[in-house]
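Asks: Chains as they are written, first to last, in the UniProt record's numbering: chain S, 1 to 312; chain H, 1 to 312. Each residue gets a CB set at the ideal place from its N, CA and C atoms; glycine is no exception. From a predicted model like this one, the values you see are computed outputs, not experimental measurements.
There are 2 protein chains.
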Amino acid sequence: MASGFADEKNGKKCGRSPFVNNPHLDSMKEDILYHFNLNTGTLNFPAKFGDVKFVCVGGSPWRMKSFAEYIAGELGLAVPNAEYPNICESTDRYAMYKVGPVLSVSHGMGIPSISIMLHELIKLLYHARCTDVTIVRLGTSGGIGLHPGTVVITKQPMDATFLPRFEQVILGKSVVRSTELDGDLAEELLQCGKDLAEFDTVIANTMCTLDFYEGQARLDGAFCSYTEEDKQNYLAKAYAAGVRNIEMESSVFAAMCKLSNLRAAVVCVTLLDRQKGDQLSSSHDVLHSYQQRPQILVGHYIKKKLNASKKS
Amino acid sequence: MASGFADEKNGKKCGRSPFVNNPHLDSMKEDILYHFNLNTGTLNFPAKFGDVKFVCVGGSPWRMKSFAEYIAGELGLAVPNAEYPNICESTDRYAMYKVGPVLSVSHGMGIPSISIMLHELIKLLYHARCTDVTIVRLGTSGGIGLHPGTVVITKQPMDATFLPRFEQVILGKSVVRSTELDGDLAEELLQCGKDLAEFDTVIANTMCTLDFYEGQARLDGAFCSYTEEDKQNYLAKAYAAGVRNIEMESSVFAAMCKLSNLRAAVVCVTLLDRQKGDQLSSSHDVLHSYQQRPQILVGHYIKKKLNASKKS
Chain S
1 MASGFADEKN GKKCGRSPFV NNPHLDSMKE DILYHFNLNT GTLNFPAKFG
51 DVKFVCVGGS PWRMKSFAEY IAGELGLAVP NAEYPNICES TDRYAMYKVG
101 PVLSVSHGMG IPSISIMLHE LIKLLYHARC TDVTIVRLGT SGGIGLHPGT
151 VVITKQPMDA TFLPRFEQVI LGKSVVRSTE LDGDLAEELL QCGKDLAEFD
201 TVIANTMCTL DFYEGQARLD GAFCSYTEED KQNYLAKAYA AGVRNIEMES
251 SVFAAMCKLS NLRAAVVCVT LLDRQKGDQL SSSHDVLHSY QQRPQILVGH
301 YIKKKLNASK KS
Chain H
1 MASGFADEKN GKKCGRSPFV NNPHLDSMKE DILYHFNLNT GTLNFPAKFG
51 DVKFVCVGGS PWRMKSFAEY IAGELGLAVP NAEYPNICES TDRYAMYKVG
101 PVLSVSHGMG IPSISIMLHE LIKLLYHARC TDVTIVRLGT SGGIGLHPGT
151 VVITKQPMDA TFLPRFEQVI LGKSVVRSTE LDGDLAEELL QCGKDLAEFD
201 TVIANTMCTL DFYEGQARLD GAFCSYTEED KQNYLAKAYA AGVRNIEMES
251 SVFAAMCKLS NLRAAVVCVT LLDRQKGDQL SSSHDVLHSY QQRPQILVGH
301 YIKKKLNASK KS
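#1: Where S225 of chain H and L287 of chain H are concerned, what is the direct C-alpha to C-alpha distance, given to the nearest angstrom?
#2: What does the alpha-carbon distance come out to for the pair V151 of chain H and A255 of chain S?
#3: Buried or exposed for K311 of chain S, please, with buried defined as at least 16 other CB atoms from any protein chain shown within 10 angstroms of its CB.
#4: Evaluate contact between the region 216-234 of chain S and the region 91-106 of chain S, counting only Cβ atoms and requiring at least three cross-stretch pairs below 8 Å.
#5: Nearest chain S C-beta to A2 of chain H closer than 8 Å, yes or no?
#6: Leaving aside the five residues before and after D182 of chain H along the sequence, list all residues of the same chain whose C-beta is less than 7 Å from its C-beta, in chain order.
#7: Using beta-carbon positions only, say whether S251 of chain H and P157 of chain H come within less than 8 Å of one another.
#8: For F54 of chain H, report the span of its beta strand (DSSP E) as first-last.
#9: Under 8 Å by Cβ, that's how I've got H127 of chain H and D31 of chain H pegged, so tell me the actual separation to the nearest angstrom.
#10: From the beta carbon of G108 of chain S, is the nearest beta carbon of chain B less than 8 Å away?
#11: Is N21 of chain S close to chain H, meaning its C-beta is less than 8 Å from at least one C-beta of that chain?
#12: Determine the DSSP secondary structure at S115 of chain S, reduced to helix, strand or coil.
#13: Within 10 angstroms of its Cβ, does P61 of chain H collect 16 or more other Cβ (buried), or is it exposed?
#14: Kindly give me the distance between the Cβ atoms of N22 of chain S and A222 of chain H, rounded to whole angstroms, as I take these residues to be in contact under 8 Å.
#15: By the criterion of Cβ-Cβ separation under 7 Å, what are the contact partners of C224 of chain S in chain H?
#16: Considering only C-alpha positions, which residue in the set S:M117, S:E83, S:G193, S:G76 is nearest to T91 of chain S?
#17: Let me know the alpha helix (DSSP H) ranges lying completely inside the region 108-153 of chain S, each 4 residues or longer, listed in chain order.
#18: Determine which residues of the region 118-136 of chain H have a Cβ less than 9 Å from any Cβ of chain S, and write them out in chain order.
#19: For the region 159-193 of chain S, which residues have a CB atom closer than 7 Å to at least one CB atom of chain H, in sequence order?
#20: Taking E167 of chain H as the reference, which of S:V202, S:G100, S:L125, S:D211 has the closest Cα?
#21: Find the residues of chain S that neighbour Q279 of chain H, judging by a C-beta separation of less than 7 Å, and give them in chain order.
#22: To the nearest angstrom, how far is the alpha carbon of R177 of chain S from that of C56 of chain S?
#23: Going by DSSP, what residues sit across from Y84 of chain H in a beta bridge?
#24: Is DSSP giving A197 of chain H helix, strand or coil here?
#25: Helix, strand or coil for F212 of chain S per DSSP?
#26: Return the chain-ordered list of same chain residues with a C-beta closer than 7 Å to the C-beta of D195 of chain S, the five sequence neighbours on each side being excluded.
#27: Give me the Cα-Cα distance between H284 of chain S and G145 of chain S, rounded to the nearest whole angstrom.
#28: Looking at I71 of chain S: is its Cβ nearer than 8 Å to the Cβ of V99 of chain S?
#29: Assuming M28 of chain S is part of the beta strand (DSSP E), what are its boundary residues?
#30: Find the residues of chain H that neighbour L219 of chain S, judging by a C-beta separation of less than 8 Å, and give them in chain order.
#31: Buried or exposed: S309 of chain S, going by 16 or more other Cβ atoms within 10 Å of its Cβ?
#32: Would you kindly report the start and end of the unbroken alpha helix (DSSP H) that includes S17 of chain S?
#33: What residues in the region 55-69 of chain H have a beta carbon less than 7 Å from any beta carbon of chain S?
#34: Let me see if you follow: with CB-CB separation under 8 Å, is D200 of chain S close to chain H or not?
#35: Can you tell me the Cβ-Cβ gap for R63 of chain S and G143 of chain S, rounded? I've got them flagged as a contact below 8 Å.
#36: Taking Q168 of chain S as part of the beta strand (DSSP E), name the residues at either end of that continuous run.
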C-alpha cells in the first residue's frame, strides 16, 4: 500500500483518485475497516469496489437501503424480487449497498459518527483504486425561512458561530479545516432540481451543529436556558449569514472530502421551518415524501451523468 | 406538564426524580420524542414506563437487544421463545427494549448521537414520572496500559486535553459542564466485579473524544500527520492524568445525567491496548466475549439491587 494518489496518477488513464494522507498505511500488511467489518486481507477491494463512481451517504440505514433500490430502478439495473445485500451485514454500525457504479452507505447521526464512516470509506475507495468519484450526502435538516420540503444544496457548511470551518482536535490541539465544497457540482445539482421542477431547490449555506436541541436553539429539549426571543435572534443571525438549513454532519463531511480529493455535495431537505417551531409534528407520510426529495434529485443527477458518459 | 422535579417531590413517597430544566415544556400540549417515534399525546407514558428503575444504554442496537434478553434471564423474567419488541421499531434511529424495571436503549456512536437520545430519554422518564432511576452506559473502548478485556468503571470522563469537563455550544457560545459521575455507584459496581471474579475490573478516568482516528491518535486513519512517537507521548500524558480508556460518549452522558438528577455510571470494556496497536485485529469471538463483560457486571448489579429491595 502507498500513501498519496493511487498508481493511476502516473498511468495513461489518469483519473482523479481518492487521496489518503497517511504514510503509516505503507507498513500495514492488511487494513481492517472495523466499523464496516471489511478487511483488505480477505476481500479483493479493487474487484469488489473498483467500478464505484458515485457514493451516496445518509444518516438512516433504512433510507440508504431504499435509495439503493430506487437508484437500481432509475438506472435500469433492478432485478425483479432481488434483495440488495447489505455489504456490512455482520455489523450494525453502518449499512452499505452497491448497485452498479453507485455505493449507498449510512453514517448515523452527528459529526463523530459520520467521521468514523468517512475515514473507512476513503480508505476503501483508495484500496479499491477508484477514480473520479463523486460523493453526495443525502440528508434531512431544519430550515430557516424556507417552506418545509425545500431541498437545500449546501454552498458551504458553517459552524455554530457562522464561520465556514471545521475544528478537529488532534493530539489535544485544535486544527481548523476548510469546509469548501465543489461549486460546479452544486450548480449541476441545482440544474437537476430545475429539470425535475417537482419541488423547490436552492443553494445556500448550511449550519452544522454538535447537538440537536440546545445546539440548534430548540425550545423542546430536556434543558433550555434561553427564551423564544433569544432563539429567534440566533436564527436571524444565521439567516443573515446566508444559512438556510441546519443539520449535524456537513462540516466534517466537506472537510474530509476536500482533504481526500473527492468531488462532494450536501443535499438536504428541510422538514420544518425552525422560525415557526421546533417539533417535527408533520404526518409520517408528509415527512416520508420530503425525505425522498434528495434521493430523487441525486438519482436524476447520476442518471444524467451516466447517460452523458455513454454518449461520449 | 411542569418543569423541575416531578410531583412526587411533595408527595409522601418522595423519590429522586428525573429532572428536566425547561420552562417551555409547560406550554406544550403534547411532546413528540421524534427520534424514538413516541408521543405523549398518543401513549400513556406513566403506564408504559412508570416502573423503570434501571436504564442501560450502549452504542449498538444489536447489543442492547442482547442485553434485554440477558437481563430477562438473570431476573427470571424470560418467557420461552418470547421476542422482546423494539419499542422504537418504526424508526431506525434508536432501538429500545423493556424488561420489567429495566430499559435497554441504543445510542449510536459519538457525543451528538447519544445527546439526542439522552434529551428524549430524560423527557421520557420525566413524563413517565419515574423515580430513583439508575442509568449505566455499557460500552467498548480502547485501553491504555491494561490487558484487553479489562472492564473500566469511569471515575470521571475527561476531554482530549485531560480536563474533566464537557463543552456544549448554546446560541453559538461555549458553556462548560461538569462530568462528575456517582462515586458510590462506581464503588458498588467495582464490588460486583470482585463478587464475580471473572475478569479484571478497575475504576479509572476515561477520555472522551469527538473522533475515533485522528482524535484518538490512531495511526491507521485516512489521514495522519503525526508519528508513532507523537502518539505514544500523547497516550503517556493521558495515562499520567489517570486515563485508562478512551471512548466517544462518556462526557456528555455524565454531564446530562448530572443535570437531570440521574445516578449514572459508565462501564466499558477495553478491546485492545492502544499503546501496542490501533487496529482491532482480535477474532470476532474474542471481541464478542469482551463485549459481554459490561453486560454481565451490570446484570449482576441490577439483580443484587432488586434482591436487596425485595428483602427490605
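Replies: In short, the structure shows the following:
#1: Working through the second sequence from its first residue, we reach residue 225 of chain H at position 225. Working through the second sequence from its first residue, we reach residue 287 of chain H at position 287. S225 of chain H and L287 of chain H: Cα-Cα distance of roughly 29 Å.
#2: In the second sequence, the residue the question calls residue 151 of chain H occupies position 151. In the first sequence, the residue the question calls residue 255 of chain S occupies position 255. The alpha-carbon atoms of V151 of chain H and A255 of chain S are separated by roughly 35 Å.
#3: Here residue 311 of chain S is taken as the residue at index 311 of the first sequence, counted from 1. Exposed: under 16 other Cβ atoms inside 10 Å.
#4: no
#5: Residue 2 of chain H sits at position 2 when you count from the first residue of the second sequence. Because A2 of chain H carries a pLDDT of 41, less than 50, the predicted location of this residue cannot be relied on, and no value is offered for it.
#6: Indexing the second sequence from 1 puts residue 182 of chain H at position 182. Closer than 7 Å at Cβ, skipping near neighbours: R263, A264, A265.
#7: The count along the second sequence starts at 1 and reaches residue 251 of chain H at position 251. The count along the second sequence starts at 1 and reaches residue 157 of chain H at position 157. Taking 8 Å as the Cβ cut-off, S251 of chain H and P157 of chain H qualify as a contacting pair.
#8: In the second sequence, counting from the first residue as 1, residue 54 of chain H sits at position 54. Per DSSP, F54 of chain H belongs to the beta strand (DSSP E) from 54-58.
#9: Taking the second sequence and counting its residues from 1, the one referred to as residue 127 of chain H is at position 127. Taking the second sequence and counting its residues from 1, the one referred to as residue 31 of chain H is at position 31. Indeed, because the Cβ distance is near 7 Å, the residues count as touching under 8 Å.
#10: Of the protein chains in the structure, S and H, none is chain B.
#11: On the first sequence, residue 21 of chain S is found 21 positions in, with the first residue counted as 1. Yes, contact with chain H.
#12: Here residue 115 of chain S corresponds to residue number 115 of the first sequence, with the count starting at 1. Three-state result, S115 of chain S: helix.
#13: The count along the second sequence starts at 1 and reaches residue 61 of chain H at position 61. Buried is the call here.
#14: Taking the first residue of the first sequence as position 1, residue 22 of chain S is located at position 22. Taking the first residue of the second sequence as position 1, residue 222 of chain H is located at position 222. About 6 Å; that satisfies the 8 Å criterion.
#15: One-based indexing of the first sequence puts residue 224 of chain S at position 224. Using a Cβ-Cβ cut-off of 7 Å, C224 of chain S is close to N22, H24 of chain H, given in chain order.
#16: Within the first sequence, the letter at position 91 stands for residue 91 of chain S. Cα-wise, what sits closest to T91 of chain S is S:M117.
#17: 111-127
#18: L118, H119, E120, L121, I122, K123, Y126
#19: A160, T161, Q168, V169, I170, L171, G172
#20: On the second sequence, position 167 is the one that residue 167 of chain H refers to. The option with the nearest alpha carbon to E167 of chain H is S:D211.
#21: Taking the second sequence and counting its residues from 1, the one referred to as residue 279 of chain H is at position 279. Ordered by position in chain S, the residues that pass the 7 Å Cβ test against Q279 of chain H are I32.
#22: The residue labelled residue 177 of chain S in the question sits at position 177 within the first sequence. The residue labelled residue 56 of chain S in the question sits at position 56 within the first sequence. Those two C-alpha atoms are separated by around 23 Å.
#23: As a first step, residue 84 of chain H must be located in the second sequence, where it is residue number 84. Paired residue(s): none; Y84 of chain H is not in a bridge.
#24: Locating residue 197 of chain H in the second sequence gives position 197, counting from the first residue. If DSSP states are grouped into helix, strand and coil, A197 of chain H belongs with coil.
#25: Numbered from 1 along the first sequence, position 212 holds the residue referred to as residue 212 of chain S. In this structure, F212 of chain S counts as coil in the three-state DSSP scheme.
#26: The count along the first sequence starts at 1 and reaches residue 195 of chain S at position 195. Counting only Cβ-Cβ distances below 7 Å, and skipping sequence neighbours, we find H300.
#27: Numbered from its first residue, the first sequence carries residue 284 of chain S at position 284. Numbered from its first residue, the first sequence carries residue 145 of chain S at position 145. Near 22 Å, if we compare the C-alpha coordinates of G145 of chain S and H284 of chain S.
#28: By one-based count along the first sequence, residue 71 of chain S stands at place 71. By one-based count along the first sequence, residue 99 of chain S stands at place 99. Taking 8 Å as the Cβ cut-off, I71 of chain S and V99 of chain S qualify as a contacting pair.
#29: In the first sequence, residue 28 of chain S corresponds to position 28, counting from 1. Looking at the DSSP string, M28 of chain S is not in any beta strand (DSSP E), and its letter there is neither H nor E.
#30: Numbered from its first residue, the first sequence carries residue 219 of chain S at position 219. Here the neighbours are N22, H24.
#31: The residue given as residue 309 of chain S occupies position 309 in the first sequence. Classification for S309 of chain S: exposed.
#32: Here residue 17 of chain S corresponds to residue number 17 of the first sequence, with the count starting at 1. Element bounds for S17 of chain S: n/a, residue is neither H nor E.
#33: Listed by position, the residues of the region 55-69 of chain H near chain S (Cβ gap below 7 Å) are S60, P61, W62.
#34: Position 200 of the first sequence, counted from the first residue, corresponds to residue 200 of chain S. Cβ-Cβ to chain H under 8 Å: no for D200 of chain S.
#35: Indexing the first sequence from 1 puts residue 63 of chain S at position 63. Indexing the first sequence from 1 puts residue 143 of chain S at position 143. No, R63 of chain S and G143 of chain S are not in contact; Cβ-Cβ is about 19 Å, not under 8 Å.
#36: On the first sequence, position 168 is the one that residue 168 of chain S refers to. From DSSP, the beta strand (DSSP E) with Q168 of chain S extends over 165-170.
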